[in-house]
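Residue numbers (UniProt numbering): 1 to 90. Yeah, the Cβ is synthetic: ideal placement off N, Cα and C, and Gly gets one too. Note sheet for the following structure.
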């Protein structure tokens, strides 16, 4: 997964650890991690009763990093589309 998103293996492992601690995934050695619970969709500024404290600081940091990775991938995809378009008729 780290190769796919250009993330260091340690970053991926830490992210999985945080998700495990948050109770969102379950994993066993030799098998892929599976999602056990999906966080409820909450509009910005809203909180559910269970989330009065909010996600952990570590989760928030990892989420922000994930958003940065997604934006990077979106830009790379747009660049590849542009290159493909320019070279299509060569």
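Beta-carbon proximity check, residue i vs residue j, cutoff 8 Å
i          : j          : result
residue 66 : residue 18 : no
residue 23 : residue 37 : yes
residue 69 : residue 10 : no
Residue i classed as buried or exposed, judged by whether at least 16 other C-beta atoms fall within 10 angstroms
i          : result
residue 15 : buried
Checklist entry - Where in the region 4-36 do unbroken runs of the alpha helix (DSSP H), each at least 4 residues long, occur, reported from the N-terminal end onward? => result 9-21
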